[in-house]
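Everything on this sheet refers to the single structure shown next.
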Amino acid sequence: MSSKPLRPPDRYNDGLDDLPLADGYRLVLHAMGRALAPPEPIQVSAWAEENRVLSSRNSSIPGRWRNSRTPYLQEIMDALHEDDPCESVTVMAGAQLGKTEVGLNWIGWVIDQCPGPMLIVHPTVELAKRASKQRVDPMIEQCAALSKKVQPARARDSGNTVLTKEFTGGILVMTGANSAVGLRSMPARFLLFEEMDAYEPSIDDEGDPVRLAELRASNFSRRKIYRNSTTTIEGGSRIAEAFEAGDQRYFHVPCPECQTYQVLRWELLLWEKAEDGKAAWAKYCCEACGVLIPEHRKTSMLERGRWVPKHPERTERARSYHLSTLYSPLGWVSWMQLADEWIECQGHPEKHRAFVNGRLAETWKRKGEQPKWERLYNRREKYAVGTVPHGALMLTAGVDVQQDRLVYEVVGWGRQLESWSVEFRTIPGNPSTGEPWQQLDVLLARAFLHESGAQLKIRRLAIDAGYSTQNVYNWTRKYGISRVIATIGRDHLHVAVGAPSAVDVNVAGKTVYRGAKSWPVGVSMLKEELYAWLQYEQPTDPEMGFPAGYCHFPEFDEEYFRQLTAEALVMRIVRGFRKFQWEKTRERNEALDVHVLARAAAFTLGLDSWTEDHWKSLEQSIGIGAEPGSTEAPPSSSPSESGGGDWIHLDRWRL
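So, in structure tokens, the structure goes:
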């Protein structure tokens, strides 16, 4: 036997060059050493490129994962490796940039390379189930390194379900932030918070769901936490708070001309409008040399990009990353598409908010500051109350019900939701008697004179059913939803008008055909929209035109404008959480309420999505440009009801 001393095999050298061919003992020893040696350490991004296969079931680019497609994700993935000293990684990014895929790659790496208990928190349990079926299961099935370690749920004794995946040395549990039981079901070394800004502030009277989950990892000294989300409102965004607590990294890319590294900023994306109102071209202006960069050069810019922390002293504890959709790889969301979306959202605060949150990855500052009533009063216009100005082409009305009166406003709507208040009046009388309702009948039957000479009736009236509810429903039944809708205000509804619920049911509990319905109205959202519109200034150049959503008023008295601005959006701390709520600054606020209801009625008519063709067709139907005084408001063949209807919500709600 050889007298050469035995030694463990070199990890980076098979050592076989030194072995005699007949030295079987040493060959066996060498093989055993290789088998027992720990695997080569591999970064999360490298693991993804070697093992991850994107399924056509959930990817627009199926096939093997390539880090070169999204260079900005590589550092984020590698920060999730157990050898990186940071404890948490936060990504505040625009939609569809790959932040969810980072989490999936990390899940795969944990299962294959660093097994341990892992908890994934989605906004709801239902979303967790959907993510498991549409994302996690396909990843495991398509990846050979994972499929041999995680048995399918249908396998006998696999221990796996839709929300639980067992594997050697660890377990993966998926739950919802709406389940306190799921959040405290197990200790977890690895935590993944998916779209955390969609979580409820508190769950089942047990507190913040994020804190509940983080407590599950508190006993692990080498824990790792990954948070990702698009952001929401300023002062109420979890992901923004986590980003600000980290080292705040931004992706710097070089100008292809002067090579200056810079963060892509929205205000430096330039475009020119074509005749159809959309962007004819879009290019990025370098902040250093001013050159206009065409989008096809973005690929090389991303390849050379690098993350730069604003607070490097925090890096060892918490890395945080910000990424807007300006960095979207070529072939995904283009700069021209972003320009078009920006153009489209002007004058639409909710669309604007969605763009700021989902594309720019910035928090939305709520527009709840009270407009100055004096400014609005001083910019009144000299058109007669009760007369419809030229730009207004469709009338809606809002009605508020008080214990001794009805209050209504009639509003005319034109292109881009520009509006003209036509009439604001009070109908005295107890709503439990018939007299005020008879006056409301007269209002619906009345024809308002348009400046063109045409006669317009109110197309749809929205009435608040929060007071004297049964009397409201009794009156609305006479007209049906084509003319009148009963509404209930909902502060936390995130659409202008939600799906209606049946009020009239028979003894069997079934909806009565053509019975009364109640329509939830997102009053907080619509008040924010109105207050944003009221801040617009009158153009100094008449040829510029008014901004989308601009509100015109006739010579109403001071009381109207005081009521229109009678509330403010304030932030309160409720049970330890920030909460935004509307509060009165004076007692009378009917003008604000009825204007919001008239806007809700316009929304149900689909005016938000009307094109120029719709408006031109409506002009023809009411006789503008023809002989004056010929028709009432648009007939049933008008754009709002033809071809499946711009009465879009009725189709969707299947009434």
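In my numbering, the protein residues as written are 4 to 658.
Don't be surprised by glycine CBs; every beta carbon is placed ideally from N, CA and C.
These numbers were taken from a predicted model, which means no experiment stands behind them.
Quiz prompt | For G361, the first and last residue of its enclosing alpha helix (DSSP H) | solution = Taken as a continuous stretch (DSSP letters only), the alpha helix (DSSP H) holding G361 covers P352 to G361.
Self-check item: Own chain residues within Cβ distance below 8 angstroms of E347, not counting five before or after
Solution: For E347, where only same-chain residues beyond five positions count, the Cβ hits under 8 angstroms are K354.
Practice problem: Let me know the secondary structure DSSP gives F193 once reduced to three states. | Solution: Strand.
Quiz item: For E365, which three-state DSSP category applies?
Solution: For E365, the three-state secondary structure derived from DSSP is coil.
Quiz item: At which residue ranges does the segment 76-149 contain complete alpha helix (DSSP H) runs of 4 or more residues, listed in the order of the chain?
Solution: Taken in chain order, the complete alpha helix (DSSP H) segments of 4 residues or longer contained in the segment 76-149 are 77-82, 102-116, 128-134 and 140-145.
Quiz item: Does the segment 214-221 come close enough to the segment 560-572 that 3 or more CB-CB pairs lie under 8 angstroms?
Solution: No, the segment 560-572 does not touch the segment 214-221.
Quiz item: In this structure, does DSSP put L420 in helix, strand or coil?
Solution: DSSP places L420 within a helical segment (H, G or I) once states are collapsed to three.
Quiz item: Who are the Cβ neighbours of G173 in its own chain at under 8 angstroms, not counting the five residues just before and after it?
Solution: Only V113, I114, P118, G119, P120 and M121 meet the Cβ criterion.
Quiz item: Is H84 buried or exposed, if buried means 16 or more other CB atoms sit within 10 Å of its CB?
Solution: With 16 or more Cβ atoms within 10 Å of its Cβ, H84 is classed as buried.
Quiz item: Where do the ends of the beta strand (DSSP E) carrying M547 lie?
Solution: Note, M547: premise wrong, no beta strand (DSSP E); not H, not E.
Practice problem: Give the straight-line distance between the Cα atoms of E558 and L452, rounded to the nearest whole angstrom. | Solution: Their backbone Cα atoms lie some 17 angstroms apart in a straight line.
Practice problem: Could you check the C-alpha separation between F272 and K281 for me, to the nearest Å? | Solution: One point to set straight first is that residue 272 is Leu, not Phe, in the sequence displayed. If you take the alpha carbons of L272 and K281, they lie about 15 angstroms apart.
Practice problem: Using three-state DSSP, classify T178 as helix, strand or coil. | Solution: The answer is strand: DSSP assigns T178 an E or B state.
Exercise. Let me know the secondary structure DSSP gives V410 once reduced to three states.
Key: Strand at V410.
Quiz item: Quick one: Cα of K168 to Cα of M304, how far?
Solution: Those two C-alpha atoms are separated by around 40 angstroms.
Exercise. Quick one: residues in its chain with C-beta nearer than 8 angstroms to the C-beta of G646, no 5 flanking neighbours on either side, listed in chain order?
Key: For G646, the predicted structure reports a pLDDT of 32, less than 50, and the residue's modelled location is therefore unreliable. A value from the coordinates is still provided. Shown here for G646: not one same chain residue has a beta carbon closer than 8 angstroms to its own, the five before and five after excluded.
Practice problem: Since I believe D407 is in contact with D596 (beta carbons under 8 angstroms), could you give me their beta-carbon distance rounded to a whole number of angstroms? | Solution: In fact, because the Cβ distance is near 16 angstroms, the residues do not count as touching under 8 angstroms.
Self-check item: Contiguous alpha helix (DSSP H) assignments of at least 4 residues, all confined to the segment 554-598
Solution: For secondary structure counted as the alpha helix (DSSP H) over 4 or more consecutive residues, the segment 554-598 holds these complete runs in sequence order: 561-567.
Quiz prompt | Unbroken beta strand (DSSP E) run spanning M397, endpoints | solution = Unbroken beta strand (DSSP E) run through M397: M397 to Q405.
Quiz item: E426 and G389: beta carbons closer than 7 angstroms?
Solution: For the pair E426 and G389, the CB atoms are nearer than the 7 angstroms cut-off.
Quiz item: Which residue's Cα is closest to the Cα of D437: L464, L447 and V475?
Solution: Position check: residue 437 holds Gly in this sequence, whereas Asp was assumed. The residue from L464, L447 and V475 with its alpha-carbon nearest to that of G437 is V475.
Quiz item: Are there three or more Cβ pairs, one per stretch, closer than 8 angstroms when the segment 129-144 is compared with the segment 73-88?
Solution: Taking a cut-off of 8 angstroms for Cβ pairs, the segment 129-144 and the segment 73-88 do not touch, as fewer than three such pairs fall below it.
Quiz prompt | Terminal residues of the beta strand (DSSP E) in which C288 lies | solution = Element bounds for C288: A282 to C288.
Quiz item: DSSP three-state call for E384: helix, strand or coil?
Solution: Residue state for E384 is assigned as coil, using DSSP reduced to three classes.
Practice problem: Look up H495 in the DSSP assignment and say whether it is helix, strand or coil. | Solution: In the structure shown, H495 sits in coil (DSSP, three-state: anything other than H, G, I, E or B).
Quiz item: Would you call the segment 325-339 and the segment 197-213 in contact, with 3 or more CB pairs under 8 angstroms?
Solution: Contact between the segment 325-339 and the segment 197-213 is absent, with fewer than three C-beta pairs closer than 8 angstroms.
Quiz item: Any idea if N54 is buried or exposed, counting beta-carbon neighbours within 10 angstroms, 16 or more meaning buried?
Solution: Buried.
Self-check item: Exposed unless 16 or more other CB atoms sit within 10 angstroms - verdict on N181
Solution: Classification for N181: buried.
Quiz prompt | Sequence-distant residues of its chain with Cβ nearer than 7 angstroms to V311 (five each side left out) | solution = Contacts found: R252, Y253 and H255.
Quiz prompt | Contact the segment 318-330 vs the segment 63-70: 3+ CB pairs below 8 angstroms | solution = Contact fails: fewer than three Cβ-Cβ distances are below 8 angstroms.
Self-check item: Whole-angstrom C-beta distance between C288 and T263, which should lie under 8 angstroms
Solution: Their Cβ separation, rounded to whole angstroms, is 12 angstroms, which puts T263 and C288 out of contact at 8 angstroms.
Quiz item: Taking all protein chains shown into account, do 16 or more other C-beta atoms lie within 10 angstroms of the C-beta of L295, making it buried, or fewer, making it exposed?
Solution: When all chains shown are included, L295 counts as exposed.
Quiz item: CB-CB under 6 angstroms to W269, same chain, minus the five flanking residues each way: which ones, in chain order?
Solution: Cβ neighbours of W269 beyond the five flanking positions: L363.
Quiz item: Is F606 helix, strand or coil when you go by DSSP?
Solution: F606 falls in the helix class under three-state DSSP.
Exercise. Return the CA-CA distance between E2 and M95, expressed in angstroms with no decimal places.
Key: With the chain covering 4 to 658 only, the question about residue 2 has no answer from this structure.
Self-check item: Contacting residues, own chain, Cβ-Cβ under 7 angstroms from S471 (five flanking each side not counted)
Solution: The beta carbon of S471 sits closer than 7 angstroms to the beta carbons of V404, P434 and S435 from its chain, once the five residues preceding and following it are set aside; these are given in chain order.
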